[in-house]
Amino acid sequence: MQNTFELAHVGINNTDAAAAQELCDLFCLMFNLDPRQGKKSEFAGTFFECVRSQYLGTHGHIGMSTGDLEAAVEELTEKGFGFDQETAAHFDDGRLQNIYLAGEFGGFAVHVMQQPRP
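So, in structure tokens, the structure goes:
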């Protein structure tokens, strides 16, 4: 079975919190998005995550969501992709919430995440 993936957001690394805020404000103005403050980032709507530091990926990261993350990890593993287990985050009930693939793709790290359940 092939899993379905959707683009969740693009994460953009910044030098510091001020640069992340400036970029977030710009995207909000540009595309009429609502700003939201995260733990490590400023979000412009759900599309852009302006990271307050240099994080994974030379340029940043691409977040992909899927309805069944465990099955998606299995499929990607079968296709020969590896995962950075140190980045794995779990829900309180122990299910996998998100994880980064090993390496970079076009200068971006990629993480896959569980879509919210209805």
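Be aware that the sequence shown starts at 0, since it is given in numbering that gives the first Met the number 0, and climbs by one per residue.
Just so it is clear, CB atoms sit at the ideal spot from N, CA and C, and this is done for glycine as well.
- When DSSP assignments are scanned along the stretch 3-71, the uninterrupted stretches of beta strand (DSSP E) that are 3 or more residues long and fall wholly within it turn out to be 4-11, 34-36, 40-43, 47-50 and 59-65.
- Contact between residue 65 and residue 3 holds, with the beta-carbon distance rounding to 6 Å and staying under 8 Å.
- Between residue 98 and residue 50 a beta carbon distance of about 17 Å is seen, past the 8 Å cut, so the two are scored as non-contacting.
- For residue 87, the enclosing beta strand (DSSP E) stretches over residues 82-89.
- According to the DSSP secondary-structure assignment, residue 113 is paired through a beta bridge with 65.
- Residue pairing by DSSP places residue 100 opposite 82 in a beta bridge.
- Annotated as distal: residue 110 and residue 95, with beta-carbon spacing of 9 Å or more.
- By the neighbour-count criterion, in which a residue is buried when 16 or more other Cβ atoms sit within 10 angstroms of its Cβ, residue 25 is exposed.
- The Cβ atoms of residue 106 and residue 57 lie closer than 9 Å to each other.
- By DSSP's assignment, residue 95 forms a beta bridge with 89.
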